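These protein sequences, in sequence, are chains A and B. For what it's worth, this note's numbering labels the leading residue of the first sequence as 1, then goes sequentially. For what it's worth, this note's numbering labels the leading residue of the second sequence as 118, then goes sequentially. Here's the structure we're looking at; comments come further down.
Protein chains: 2
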Amino acid sequence: MVVRRMEGTVPQEVAGCPGVTKRVVLGRAEGSEEIALRYFALAPGAETPRHAHDFPHLVKVEVGRGVAVDEDGHEVLLSPGDYVYVASNELHNFKNTGDTPFEFICIVPARGEPPVA
Amino acid sequence: MVVRRMEGTVPQEVAGCPGVTKRVVLGRAEGSEEIALRYFALAPGAETPRHAHDFPHLVKVEVGRGVAVDEDGHEVLLSPGDYVYVASNELHNFKNTGDTPFEFICIVPARGEPPVA
């Protein structure tokens, strides 16, 4: 059994996404080889890449206001306590549309959080 | 893409665990066939079964105070913002040791949340 606080993890910059940091809170380093739980923080105006990939996301919004942009380009407003499921191969991205940080946890199968080379 | 609120889900009693309810927030009904995100609420004094199983738990404490009991019987104090990883086949349980509700999300691979027969 491993217990962690988000604040005790190291924020990593996300390549190509200025203003976005990622923390792996529960992952391989904690022994979690099947599922990874990451914590993302988006500065005002920041966004994650618009992309699709062969694994799902399970998201819970923690702090701030933002949007998830679905496959059709529709923006879904998000606030703390919202849970979002993004299917494998579904085009998506997340944006901070507010003027304070927008933060969420994002759970993926391990193939979505590969080991650092 | 599916967006849910915990409050919009149906609390289910957990057999053999008085005072414990479970809500499947993101699961098969939302299209999530690989990973399930459940929300547990334990009334004061309530606890989950002491057991082990062939899948991991990734937990985040949301509300209240409680403990996770590890394989050796040690109690680890938990409060909101704590993340817990319980490995496959590790003996464990969770207890509400406070006098208010103790609530956490618990993420499992789909085999840990089988379809209702």
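Glycine is no exception: its CB is placed at the ideal position from the N, C-alpha and C atoms. All figures in this text were calculated on a predicted structure; none of them were measured in a lab.
Those residues of the region 27-54 of chain A placed with their C-beta closer than 7 Å to a C-beta in chain B are 30, 31, 32, 34, 35 and 37, ordered along the chain. Judged by DSSP secondary structure, residue 92 of chain A falls outside any beta strand (DSSP E); it is assigned neither H nor E.
Chain B places a beta carbon closer than 9 Å to that of residue 5 of chain A, counting this residue as a contact. The C-beta distance from residue 66 of chain A to residue 97 of chain A rounds to 5 Å, short enough to meet the 8 Å contact threshold.
Contact with chain A is found for residue 207 of chain B, since one of that chain's Cβ atoms lies less than 9 Å from the residue's Cβ. One alpha carbon belongs to residue 229 of chain B, the other to residue 208 of chain B, and they sit about 15 Å apart.
For the region 200-228 of chain B, residues whose beta-carbon sits nearer than 9 Å to a beta-carbon of chain A comprise 200, 201, 202, 203, 204, 205, 207, 209, 222, 224, 225 and 226. About 4 Å separates the CB atoms of residue 19 of chain A and residue 43 of chain A; that is less than 8 Å, so the two are in contact. Residues are counted here when their Cβ sits less than 8 Å from a Cβ of chain A; for the region 173-188 of chain B these are 173, 175, 177, 185, 187 and 188, given in chain order.
For residue 127 of chain B, no CB of chain A lies under 9 Å from its own CB, so it is not counted at the interface with that chain. Shown here for residue 84 of chain A: same chain residues with a beta carbon closer than 6 Å to its own, the five before and five after excluded, namely 59 and 68 in chain order.
According to the DSSP assignment, residue 106 of chain A belongs to the beta strand (DSSP E) that extends over 102-109. Nearest CB-CB separation between residue 190 of chain B and chain A: not below the 9 Å threshold. Residue pairing by DSSP places residue 172 of chain B in no beta bridge whatsoever. Taking a contact as a CB-CB distance under 8 Å, the pair residue 125 of chain B and residue 87 of chain A does not count as one, their CB atoms being some 20 Å apart. For residue 66 of chain A, DSSP records a beta bridge to A:78 and A:96. For residue 137 of chain B, the nearest beta carbon of chain A is not closer than 9 Å to its own beta carbon. In the structure shown, residue 13 of chain A adopts extended strand secondary structure according to DSSP, grouped into three states.
For residue 2 of chain A, the enclosing beta strand (DSSP E) stretches over residues 2-5. Taking 9 Å as the CB threshold, residue 76 of chain A lines the interface with chain B.
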